[in-house]
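Going by this note's numbering, the letters in the sequence shown line up with residues 12 to 597, in that order.
Note that the Cβ used here is the ideal one computed from N, Cα and C, for glycine as well.
Owing to the predicted nature of the structure, the values given are computational and were not obtained by experimental measurement.
Contents: one structure, followed by commentary.
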Amino acid sequence: MEKFEQAKKEIERLSRELVKHQDLYYKEAQPLISDLEYDRLVDQLIALEERYPELKAADSPSQRVGSDLNSEFPEVPHTVMMLSLDKTYTPEGILEWIEKSNKRVGHPLTYIVEEKIDGVSLVLYYEEGLLARAVTRGNGVVGNDITPNAKTIGTIPLRLSQPLNIAVRGEVFLPLEQFESLNRNLETPFANPRNLAAGTLRRLKSSETAKIPLRMFAYELFFTNPEEGPQSHLESLRLLKELGFYVNESYGLFAAQEEEAHLLVQDTLESGSYEAIVDYVEIHVGRRESLSYEIDGLVVKVNELAEREVMGYTGHHPRWAIAYKFEAPEAETVVEGIDVQVGRTGRITPVARVKPVRVGNSVVYNVTLQNQDYINLLELALQDRVSISKRGDVIPAVERVLEKNEAGYKTWQMPQECPSCSTPLVERGAHTFCPNTQCPDQVKGRIVFFAGRNQMDIEGFGPETINFLFDKGFIQDIPDLYAFDYMELIGEEGFGEKKCSALTKAIEESKKRPFRSVLVALGIADFGKKGIDLLVDNGIKTIHTLFELIDSGNRDYFLAIKGLGEKSVDNLFDHLLNREFRGRII
């Protein structure tokens, strides 16, 4: 009886948790857990419900596929099945599923493997070749009619090349380049392109949706009368392209015998035996980072449409398809503290100190938290248990809070004063800044940047050495690097005659660096190496020539240089007319 009560409580807890995450994913486009974590919660619930079927509720989240229903848009019933997909996380799992599928129908089938676009599902309904409705997935039975918004997407044909009555399922996405460009200018950036695409599709004004360059890959075709349509998925994909849809052509066909697969595609796409799917998966995992759009896995589908009907559906997914999901490097840890760093430009960045944890191939100790908006979105507090990932397999990031702290800590807030110089902090856009340009941490940051490998490349002048020189009062800004006699350091801990001579030599060598290296090293805001190269290419090859043009106030000279924008020119003038900034230049 005790186990039964424990199971009942656990089923209720899992159900509440899943409903919450379904709403966050589908309605608010702000998921707090990964697909893998969500799938694990579903698996736990299903396992308990199978063990205690009498505890399974009629509206159990295990029977749902989530919902993006929005009361602002009219609800429309679907005429095609809009279910989720069964999942596996290993290539071997795909082969096991293929073996089971073949046994289900009694003979070997052929399979199409496609990229799983990380976007937003949409169903398009065409009547006599004209787009009649565009409906979100919703709860799988009913979705929201967002036709005006869908019509703004350039890859969705408003009229087909043939007057057909069909339904087309596709995935709306935002290319990575456009996402990064748009996200850079948002006060509260989106976590990923999928979330931005989802939010855009639900904008109340289609004119606002039209401003975002969304795309849609079409991947499933349904005829009102199936007998009039293609007999295989391969034929469906080819017909979709012929009708004017944007079709992702990165797919392969696999059969029991390699020769059979090759015969079907005639070398027009990748093909092979079932076993070749393992290599195909590995290739696509490696290819993932070079794509112009995000994918979160691959989808394997039965090619023969008649056999799909024989295989049928469960209440959750079709039996004729399975998703192979990529597993991003993630780990759980605890936030032990949050420190504030002051950058060379004065920007304040909160950094979480976490209990050391291995993510991918490295151990993570600190995680950047971007800004206060990001922290507020996570509702992050000290001692919270969090999930961290390696974005792009490189940069550690807190993805979500898994468990709130028991100590009563509330969402962390940025301090009111600079931790380095106690100057009151100011807000500029989405970020917080220290306005004091003589702030010790800012000055040290500027010197470290100046001496860095990609700037003046002064050997031996890393952060540790520069912090020592500054904290001891030997240098106070960039010009002091060249005025100080490093032989005076002999006797200081860690500084012998040999090291001091090496520092002196490195400084003398740096005086030979070209003009462009000096300007890059000074770190003029929004005026990087590309802008400086444009100056040099247009005849400005010495600091004295540059000063003369700046002092003359001739902005038109700079604006006439192709590739230099007004903002860049303004920043150049603002910096080089500033007495304090000019004082840093030798």
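Rounded distance between the beta-carbons of residue j and residue i, thought under 8 Å
{"i": "Pro474", "j": "Val459", "result": "5 Å"}
{"i": "Val183", "j": "Leu212", "result": "6 Å"}
{"i": "Ser431", "j": "Asp452", "result": "4 Å"}
{"i": "Val179", "j": "Glu239", "result": "In fact, because the Cβ distance is near 15 Å, the residues do not count as touching under 8 Å."}
{"i": "Ile349", "j": "Val362", "result": "7 Å"}
{"i": "Phe233", "j": "Val91", "result": "5 Å"}
{"i": "Glu577", "j": "Leu570", "result": "7 Å"}
{"i": "Gln242", "j": "Leu316", "result": "6 Å"}
Whether residue i touches residue j by CB criterion (7 Å)
{"i": "Cys8", "j": "Gly357", "result": "For the chain, the structure presents residues 12 to 597; residue 8 sits outside this window and is missing."}
{"i": "Ser521", "j": "Met467", "result": "yes"}
{"i": "Ala161", "j": "Ala143", "result": "no"}
{"i": "Ile333", "j": "Asp97", "result": "yes"}
{"i": "Phe265", "j": "Ile288", "result": "yes"}
{"i": "Ala342", "j": "Val370", "result": "yes"}
{"i": "Ser579", "j": "Gly539", "result": "no"}
{"i": "Leu187", "j": "Ala208", "result": "no"}
{"i": "Leu389", "j": "Val412", "result": "yes"}
{"i": "Gly181", "j": "Met227", "result": "yes"}
{"i": "Leu56", "j": "Leu25", "result": "yes"}
{"i": "Arg364", "j": "Asn377", "result": "yes"}
{"i": "Thr553", "j": "Phe526", "result": "yes"}
{"i": "Leu575", "j": "Leu530", "result": "no"}
{"i": "Ser247", "j": "Thr163", "result": "no"}
{"i": "Ser95", "j": "His327", "result": "yes"}
{"i": "Gln449", "j": "Tyr420", "result": "no"}
{"i": "Gly456", "j": "Arg355", "result": "yes"}
{"i": "Val313", "j": "Leu120", "result": "yes"}
CA-to-CA distance, residue j to residue i, given in whole angstroms
{"i": "Tyr335", "j": "Arg115", "result": "20 Å"}
{"i": "Asp585", "j": "Phe201", "result": "32 Å"}
{"i": "Glu410", "j": "Leu215", "result": "28 Å"}
{"i": "Leu391", "j": "Glu48", "result": "19 Å"}
{"i": "Arg170", "j": "Ile128", "result": "24 Å"}
{"i": "Gln173", "j": "Gly140", "result": "6 Å"}
{"i": "Ile572", "j": "Ala517", "result": "35 Å"}
{"i": "Ser71", "j": "Glu191", "result": "38 Å"}
{"i": "Leu80", "j": "Val292", "result": "Summary for Leu80: the model assigns pLDDT 49, below 50, so the residue's position carries little reliability, and this model does not support an answer."}
{"i": "Ala272", "j": "Thr101", "result": "23 Å"}
{"i": "Leu175", "j": "Ala229", "result": "16 Å"}
{"i": "Asp404", "j": "Glu300", "result": "For Asp404, the predicted model reports a pLDDT of 48, less than 50, meaning its position is unreliable; a value from the coordinates is still stated below. Computed Cα separation, rounded: 10 Å."}
{"i": "Ile105", "j": "Val311", "result": "8 Å"}
{"i": "Val76", "j": "Arg319", "result": "The predicted position of Val76 is uncertain, since its pLDDT is 43 and thus under 50; no value can be drawn from it."}
{"i": "Lys38", "j": "Asp581", "result": "Unreliable positioning characterises Lys38 in this predicted model, as indicated by a pLDDT of 45, which lies under 50. The coordinate reading is nonetheless provided below. Answer to the nearest angstrom: the Cα atoms are 43 Å apart."}
{"i": "Glu281", "j": "Asn113", "result": "21 Å"}
{"i": "Leu500", "j": "Gly534", "result": "28 Å"}
{"i": "Ser284", "j": "Gln268", "result": "5 Å"}
{"i": "Lys20", "j": "Glu13", "result": "11 Å"}
{"i": "Glu417", "j": "Glu28", "result": "19 Å"}
{"i": "Val345", "j": "Lys366", "result": "6 Å"}
{"i": "Ser78", "j": "Leu52", "result": "Bear in mind that a pLDDT of 44 at Ser78, under 50, signals an unreliable position, so the model cannot answer this."}
{"i": "Leu480", "j": "Met498", "result": "13 Å"}
{"i": "Glu347", "j": "Tyr385", "result": "18 Å"}
Residue span of the alpha helix (DSSP H) that contains residue i, given as start and end
{"i": "Pro102", "result": "102-116"}
{"i": "Arg634", "result": "Limits of the chain in this structure are 12 at one end and 597 at the other, which puts residue 634 out of reach."}
{"i": "Gly456", "result": "451-462"}
{"i": "Gln427", "result": "Looking at the DSSP string, Gln427 is not in any alpha helix (DSSP H), and its letter there is neither H nor E."}
{"i": "Ser521", "result": "508-521"}
{"i": "Pro474", "result": "474-482"}
{"i": "Pro159", "result": "158-161"}
{"i": "Gly210", "result": "204-212"}
{"i": "Gln383", "result": "383-389"}
{"i": "Asp488", "result": "First-last for Asp488: undefined, no H or E at that position."}
{"i": "Arg319", "result": "316-322"}
{"i": "Ile10", "result": "Residue 10 lies beyond the range of the chain shown here (12 to 597); nothing can be said about it."}
Start-to-end residues for the beta strand (DSSP E) that takes in residue i
{"i": "Ser132", "result": "131-138"}
{"i": "Ala266", "result": "262-266"}
{"i": "Leu232", "result": "226-234"}
{"i": "Val313", "result": "306-313"}
{"i": "Lys127", "result": "122-128"}
{"i": "Val87", "result": "86-88"}
{"i": "Gln352", "result": "341-353"}
{"i": "Asp621", "result": "Given a span of 12 to 597 for the chain in the structure shown, any question on residue 621 remains unanswerable."}
{"i": "Ile164", "result": "Per DSSP, Ile164 belongs to no beta strand (DSSP E) and is neither H nor E."}
{"i": "Thr443", "result": "442-444"}
{"i": "Val258", "result": "Taken as a continuous stretch (DSSP letters only), Val258 belongs to no beta strand (DSSP E), as it is neither H nor E."}
Ignoring anything shorter than 4 residues or poking outside the region 554-591, list the alpha helix (DSSP H) runs there in chain order.
Taken in chain order, the complete alpha helix (DSSP H) segments of 4 residues or longer contained in the region 554-591 are 554-562, 566-570, 577-587.
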